[in-house]
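Written below as C-alpha cells is the structure these notes are about.
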Amino acid sequence: MTSPRSVAAAKRAAHIMRLSRKGLSIAAIAAEVGCQRATINRARAKAGFKADRTGPRVASDDQIRACVARGVLDKVGAAELGMSTCYYAKRRRGLGLAANGQPGQRPAVSDDDIRDCHRRGLTDVQAAAALGYSTAHFAFRRNRLQLAANKLRRAAPTPGHDRLKVAVPSAPRLDVCEAALVAGAVRRAFDLNPKRAEVLRLLEPLVAREMRRCA
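Numbering-wise (my numbering), the sequence shown opens with residue 125 and increments by one.
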C-alpha cells in the first residue's frame with residue numbers, strides 16, 4: 125500500500141514537471157509549489173531535464189549588450205532584465221564587455237589591461253600603481269588569469285664595478301653580537317676593584333711580564 129507521503133511527493137513532482145515544461149525558472153517553480161530548490165532539481169533530474177539551476181535565460185545577449193551600450197551600471201541593467209547583479213556581471217564578462225562606472229568613478233580595469241601590464245614585465249606593485257589599484261587586488265586578478273608574478277629586474281652592473289670593489293676594500297664591520305660583547309667587556313673592566321685579592325692574583329703574571337720586558 126502506498127503511503128500518503130509518497131502520493132504527495134508524486135503529485136508534487138508531476139506539478140514541478142508541468143511548470144518546467146512551461147519554461148518557468150526554478151525560482152518561480154519554488155515559489156509556486158512551495159518547496160526547496162533542491163527538491164525541484166531532484167525531480168527535474170529524474171525526469172531527464174537538464175541540470176540548469178538558473179532555469180531558462182531571462183535575457184538574451186543582445187539585451188545585455190544594449191544595456192552596456194547605454195552606459196547603465198550592472199545593478200541597473202540587472203534590475204531592468206530581472207536578474208541578479210552577479211549573474212548580469214557574469215554574462216557581461218562572458219561577452220567581453222567592460223563594466224560601466226559612475227560619473228567621476230575610476231574606469232574599470234579589464235583583463236586585457238592586466239595582461240598588458242604583465243606582458244610589459246611590471247611587478248605587482250608597479251602595475252597596481254599604474255592602474256590605480258591596490259597590490260593585493262592586482263595580484264588577485266593576475267592569479268585569476270593564471271599569470272605568474274614578475275620579479276623586480278636589477279640594473280646591470282657598470283663596467284669596472286668588480287675592479288672598484290677590489291681596489292677599495294670595505295672597512296671591517298663588527299657583528300652585532302661582537303659589538304655587544306665588546307661593550308659589555310668595557311663596562312665590566314671599569315667595575316673591577318684592584319684591591320680585591322682575586323684581581324691581584326690575576327694581575328701578578330701580567331705585572332711580572334711587563335717588568336721583565338722593561339728591564
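Beta carbons are placed, not taken as given, at the ideal position from N, Cα and C, and that holds for glycine.
Among the options, the one whose alpha carbon lies nearest that of residue i
{"i": "R215", "options": "S258, A190, D237, D236", "result": "A190"}
{"i": "G256", "options": "I153, S234, L269, T163", "result": "S234"}
{"i": "A222", "options": "V196, R243, A332", "result": "V196"}
{"i": "R145", "options": "C241, A251, C159, G172", "result": "G172"}
{"i": "N274", "options": "A152, R325, V249, A254", "result": "V249"}
{"i": "I150", "options": "A169, G201, A133", "result": "A169"}
{"i": "M141", "options": "V131, G220, A167", "result": "A167"}
{"i": "A133", "options": "T209, C159, K199", "result": "C159"}
{"i": "G245", "options": "N224, A272, S208, S127", "result": "A272"}
Residue i: first and last residue of the uninterrupted alpha helix (DSSP H) it sits in
{"i": "G218", "result": "209-218"}
{"i": "N165", "result": "161-170"}
{"i": "T259", "result": "259-268"}
{"i": "G245", "result": "Looking at the DSSP string, G245 is not in any alpha helix (DSSP H), and its letter there is neither H nor E."}
{"i": "A154", "result": "150-157"}
As assigned by DSSP and simplified to three states, the class of residue i
{"i": "R325", "result": "helix"}
{"i": "V182", "result": "coil"}
{"i": "R277", "result": "coil"}
{"i": "R194", "result": "coil"}
{"i": "A272", "result": "coil"}
{"i": "G144", "result": "Residue identity differs from the one stated: residue 144 is Ser in this sequence, not Gly. DSSP places S144 in helix when its eight states are reduced to three."}
{"i": "L221", "result": "coil"}
{"i": "S234", "result": "coil"}
{"i": "S127", "result": "coil"}
{"i": "A339", "result": "coil"}
{"i": "G201", "result": "helix"}
{"i": "H139", "result": "helix"}
Residue i versus residue j: straight-line alpha-carbon distance, rounded
{"i": "P329", "j": "R337", "result": "12 Å"}
{"i": "A193", "j": "Q187", "result": "10 Å"}
{"i": "R177", "j": "T163", "result": "Note that R177 scores 49 on pLDDT, short of 50, meaning its location in the model is unreliable; the coordinates nonetheless yield the value given after this. In a straight line, the C-alpha of R177 is about 12 Å away from that of T163."}
{"i": "H139", "j": "Y211", "result": "27 Å"}
{"i": "L349", "j": "A203", "result": "Absent from the model: residue 349. The displayed extent of the chain is 125 to 339, so no value can be given."}
{"i": "A260", "j": "D185", "result": "32 Å"}
{"i": "A213", "j": "S258", "result": "22 Å"}
{"i": "I238", "j": "R217", "result": "15 Å"}
{"i": "V369", "j": "K135", "result": "With the chain running from 125 to 339 in the structure shown, residue 369 is simply not present."}
{"i": "V292", "j": "L276", "result": "With a pLDDT of 49 at V292, under the threshold of 50, the modelled position of that residue is not reliable, and no figure is offered here."}
{"i": "L326", "j": "A332", "result": "11 Å"}
{"i": "R129", "j": "V182", "result": "34 Å"}
{"i": "R243", "j": "D198", "result": "29 Å"}
{"i": "L205", "j": "A152", "result": "15 Å"}
{"i": "D240", "j": "A252", "result": "12 Å"}
{"i": "T209", "j": "S127", "result": "44 Å"}
{"i": "N224", "j": "N267", "result": "24 Å"}
{"i": "A155", "j": "V200", "result": "24 Å"}
{"i": "N165", "j": "Q270", "result": "33 Å"}
{"i": "T247", "j": "G147", "result": "50 Å"}
{"i": "A137", "j": "V131", "result": "10 Å"}
{"i": "A254", "j": "F262", "result": "11 Å"}
Any non-hydrogen atom of the ligand GTP closer than 7 Å to residue i Cβ
{"i": "K275", "result": "Judged by which ligands are present, the structure shown has none, so any question about the ligand GTP falls away."}
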